[in-house]
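> What follows is a structure written as structure tokens; I'll ask about it next.
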Amino acid sequence: MPYSLTSLSHPQIANNINGLMATSYTDSADELVDQLFRLNGSKTCPMFPDINQFENIIYADYTASGRGLIFIEYCMMNNVLPYYANTHSENNACALQTSKFREGSRTIIKQCVNATDDDVVIFTGSGSTAAINKLVDVLQLRNEDVQRKTVVFISRFEHHSNILPWKETGVEVIQIPNTKEGLIDQDYLKKQLKHYHNTIQKHIICAFNAASNVTGIRTDTDHISKLVHQYDGWIFWDYAAAAPYVKIDMNPSEKAYKDAVFISTHKFIGGPSTPGILIAKKKLFTNRVPSGVGGGTVNFVTRTNTEYVKDIETREEGGTPNILGAIRAGLVFHLKECVGCETIEAREDKLVAKFCQRFRNHQKLIVLGSLTVRRLGIFSFLIYESLFDKYLHHNFVCVLLNDLFGIQVRSGCSCAGPYVLDLLEIDDKTAEIFTKFITEDESSQSNGIPNVRLMKPGFTRFNLSYFISDEEVDYILNAVEFIANDGWKFLSLYTYDANTAVWHPRTMPSGNHFSQFYSLQMANENHTTNEEFQIQQVERWNSNAIHSNTNSLPDNPIEQAESMANLIPEYVYNIDFRTDPPLNIPDAYKEFIWFVLPKDVIQKVLVIDFETHPKDNLKTISFHSKMKN
Numbered sequence: 001m002p003y004s005l006t007s008l009s010h011p012q013i014a015n016n017i018n019g020l021m022a023t024s025y026t027d028s029a030d031e032l033v034d035q036l037f038r039l040n041g042s043k044t045c046p047m048f049p050d051i052n053q054f055e056n057i058i059y060a061d062y063t064a065s066g067r068g069l070i071f072i073e074y075c076m077m078n079n080v081l082p083y084y085a086n087t088h089s090e091n092n093a094c095a096l097q098t099s100k101f102r103e104g105s106r107t108i109i110k111q112c113v114n115a116t117d118d119d120v121v122i123f124t125g126s127g128s129t130a131a132i133n134k135l136v137d138v139l140q141l142r143n144e145d146v147q148r149k150t151v152v153f154i155s156r157f158e159h160h161s162n163i164l165p166w167k168e169t170g171v172e173v174i175q176i177p178n179t180k181e182g183l184i185d186q187d188y189l190k191k192q193l194k195h196y197h198n199t200i201q202k203h204i205i206c207a208f209n210a211a212s213n214v215t216g217i218r219t220d221t222d223h224i225s226k227l228v229h230q231y232d233g234w235i236f237w238d239y240a241a242a243a244p245y246v247k248i249d250m251n252p253s254e255k256a257y258k259d260a261v262f263i264s265t266h267k268f269i270g271g272p273s274t275p276g277i278l279i280a281k282k283k284l285f286t287n288r289v290p291s292g293v294g295g296g297t298v299n300f301v302t303r304t305n306t307e308y309v310k311d312i313e314t315r316e317e318g319g320t321p322n323i324l325g326a327i328r329a330g331l332v333f334h335l336k337e338c339v340g341c342e343t344i345e346a347r348e349d350k351l352v353a354k355f356c357q358r359f360r361n362h363q364k365l366i367v368l369g370s371l372t373v374r375r376l377g378i379f380s381f382l383i384y385e386s387l388f389d390k391y392l393h394h395n396f397v398c399v400l401l402n403d404l405f406g407i408q409v410r411s412g413c414s415c416a417g418p419y420v421l422d423l424l425e426i427d428d429k430t431a432e433i434f435t436k437f438i439t440e441d442e443s444s445q446s447n448g449i450p451n452v453r454l455m456k457p458g459f460t461r462f463n464l465s466y467f468i469s470d471e472e473v474d475y476i477l478n479a480v481e482f483i484a485n486d487g488w489k490f491l492s493l494y495t496y497d498a499n500t501a502v503w504h505p506r507t508m509p510s511g512n513h514f515s516q517f518y519s520l521q522m523a524n525e526n527h528t529t530n531e532e533f534q535i536q537q538v539e540r541w542n543s544n545a546i547h548s549n550t551n552s553l554p555d556n557p558i559e560q561a562e563s564m565a566n567l568i569p570e571y572v573y574n575i576d577f578r579t580d581p582p583l584n585i586p587d588a589y590k591e592f593i594w595f596v597l598p599k600d601v602i603q604k605v606l607v608i609d610f611e612t613h614p615k616d617n618l619k620t621i622s623f624h625s626k627m628k629n
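The letter at position 181 of the sequence shown is residue 181 when you use my numbering, and the numbering goes up by one with no holes.
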């Protein structure tokens, strides 16, 4: 029976979600987890047939962003949208009801994080980035008087969002190093706290992340919060990577309370289109003027005077907010509580253990960050190919996982540049050279170093989320292991754009990404690799006689990939690698080419005499990633 307008309330929406999930609060959390994706429906994309190369896209990029849940969207569509109106009014039924939905979300979130009357929940902009910038403005850190009295401590494994907003204010920023295990060095932190509190006599702000978005390594938030409060400091925690997977407790004990927490709700399962969230102690909001003035922040504005609202949550959410996103945020927090933080963390621990058991001693796959400390199911890695004493380019690895297996991962530096330099053991001098390869500032280029973004170091990252099935976990790990062992063989089938660092199959037809592989697959099925057959199959593909080879895929894509790899030595005779874009790296800097190029693989496969060809890629490797501990 549909809800009536007068009876509709946020808890009832939450109960309706439980009904749509065909579960109740008495069902086990494991059953709830099992239902999450079964109820989320098909993963195919009818609007983009190229994406349907695989019957099911396997998404392993939840560290970057969560994905929608159909039962939450049904709930929004059936129970919220019919009554949607702007907030900032309680004088018509729809506006009143929408306001109640939004405030109901705020209440749910407060309950989920153990907030008290001393805490506020503010919906704000784009993820933790907006939340951090909001607090920076609230604290008036761009004011020179405030700057002189303040110091900010950050760790070495922060996301750019928890580095740049503090640095760009002009306030003094101190970096706290990590231990060899990759944890915040608490002994060093204590010395700095004591020094700045007792000797320098500055007010201390500590802004650390609860877990790294690169390695997943977790921080002991309670212990560090207690330590900071011993020196009258404020402790702010960035939960962007950790929030979907761990318990957030604003007030675990008298001394371990958190002064502020930053959350990227869009990273939750079901969280797309949700706003960032700032949860903070009221004592921080001493600013007379809201950080973002606008509609909804005032009691009254005359021609000469302005009176701002005293309620912090109202005055700091100026303008028409992301109303639907805020309501959805409450629902995804509610869902997390239904599953249970203990259940989520236990599942994450099992997934980490499974990964570590498989790859701890792998000779080619190098995992970033210690495997001996507690971490989330976030894994960043490089693939080292001893045949060339180089790494596979992280973007190539990312593309190959997509093309061969439909697995969605991410490559780059994950917006954590300083931490990545530490993990890859790149010193400042080497980092400066890499910067010149990728800078857009012409004045920063020197010694004839060209702009080649392909040279930027990085890694490939994926995560194993608590709600994916064991079958999907095995599929992802099998695919990653295959790429680690045999991925280099596929380099000959790819080329690159040196300026964008994007990799793609050679002679890729317009509008379709998979012709190269279709040719190989059909050749494999017919046990032939002659050039005429391959050309016919590519032409067949390009004629749009078929739009997807989903039906031709075997039950085991790993076996298919292995068969394709075996065909490559014969196939490469038809490839002219001379069409690959030149890097134009001066001889003095060729040692900084840290990745294997397609031409190197082709030359190796064709057994070309390396003595008669340039050894661009055979010099000492320019950096080494820290091996797992």
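Backbone N, C-alpha and C fix where the C-beta goes; we use that ideal spot for every residue, glycine too. In this text the structure is predicted, and so the values were computed from the model without any measurement.
Is W488 near V399, with beta carbons less than 9 Å apart?
no
> Would DSSP call S414 helix, strand or coil?
coil
> With distance defined between alpha-carbon atoms, name the residue in Y475, V136 and D185 nearest to F405.
For F405, the closest alpha carbon among the candidates Y475, V136 and D185 is that of Y475.
> Over what stretch of residues does the alpha helix (DSSP H) that includes P569 continue unbroken?
Where P569 is concerned, the enclosing alpha helix (DSSP H) stretches over P557 to Y571.
> Under the rule that 16 or more other beta-carbon atoms within 10 Å means buried, what is I200, buried or exposed?
With fewer than 16 Cβ atoms within 10 Å of its Cβ, I200 is classed as exposed.
> What do you get for L424, buried or exposed, if any count of 16 or more other CB atoms within 10 angstroms of its CB means buried?
buried
> Roughly how many angstroms lie between the CA atoms of S105 and G271, to the nearest whole one?
13 Å
> Please report the Cβ distance between N178 and F153, rounded to the nearest whole angstrom; I am assuming they are in contact, meaning their Cβ atoms lie under 8 Å.
Not confirmed; about 13 Å, so no contact.
> Would you mind giving the Cβ-Cβ distance between P581 and D497, rounded to the nearest angstrom? I have them listed as a contact below 8 Å.
7 Å
> Report buried or exposed for T579, applying the criterion of at least 16 other Cβ atoms within 10 angstroms of its Cβ.
exposed
> Does the beta-carbon distance from L139 to L284 come in below 9 Å?
yes
> DSSP three-state label for R288, please.
coil
> Would you call the CB atoms of S670 and V367 closer than 9 Å?
The chain is shown only over 1 to 629; residue 670 falls outside these bounds and no answer can be derived.
> When you compare the segment 94-101 with the segment 227-237, are there three or more beta-carbon pairs, one atom per stretch, that lie closer than 8 Å?
no
> Return the CA-CA distance between R303 and I205, expressed in angstroms with no decimal places.
39 Å
> Is the distance from the Cβ of F595 to the Cβ of H393 below 9 Å?
yes
> Looking at S65 and V214, is the spacing between their C-beta atoms short of 9 Å?
no
> Given that a residue counts as buried once 16 or more other Cβ atoms are within 10 Å of its Cβ, and exposed if not, what is H334?
buried
> Could you check which residue in S89, E570 and G325 has the C-alpha nearest to that of I602?
E570
> Which residues in the same chain have their Cβ closer than 7 Å to the Cβ of I483, if we skip the five residues on either side of it in sequence?
I383, V397, L400 and L401
> Exposed or buried, which one is N92 when buried takes at least 16 other CB atoms within 10 Å?
Exposed, by the Cβ-count rule.
> Nearest by alpha-carbon distance to F355: which of L331, L371 and F71 is it?
L371
> Which residue or residues does DSSP assign as beta-bridge partners of S380?
R461
> Roughly how many angstroms lie between the CA atoms of P554 and D403, to the nearest whole one?
For P554, the pLDDT reaches just 43, beneath the cut-off of 50, and the residue's location in the model is therefore unreliable, leaving the point undetermined.
> Between which two residues does the beta strand (DSSP E) carrying N299 extend?
V298 to V301
> What is the C-beta distance between F123 and P290, in whole angstroms, given that I count them as a contact (C-beta under 8 Å)?
So it is not a contact: roughly 14 Å between Cβ atoms.
> How is N133 classed by DSSP in three states: helix, strand or coil?
helix
> Just mark D600 as buried or exposed, buried being the case when its beta carbon has 16 or more other beta carbons within 10 Å.
buried
> Would you say H159 lies against chain B (beta-carbon separation less than 9 Å)?
In the structure shown, chain B does not exist; there is a single protein chain.
> What three-state label does DSSP hand R506 in the structure shown?
coil
> Going by the DSSP bridge assignment, what does A211 pair with across the sheet?
Assignment of beta-bridge partners to A211 by DSSP yields R218.
> Can you tell me which of the three DSSP states A280 falls into?
strand
> Could you check which residue in T129, H88 and I407 has the C-alpha nearest to that of A241?
T129
> May I have a chain-ordered list of the alpha helix (DSSP H) segments no shorter than 4 residues that lie completely inside the segment 85-125?
93-112
> If you compare alpha carbons, which of L189, V246, V309 and E337 is closest to F176?
First, the residue type needs correcting, since residue 176 is Ile and not Phe in the sequence shown. Comparing Cα positions, the closest option is L189.
> Within its chain, find whatever has a CB closer than 8 Å to the CB of R288; leave out the 5 residues flanking it on each side and keep chain order.
Y308
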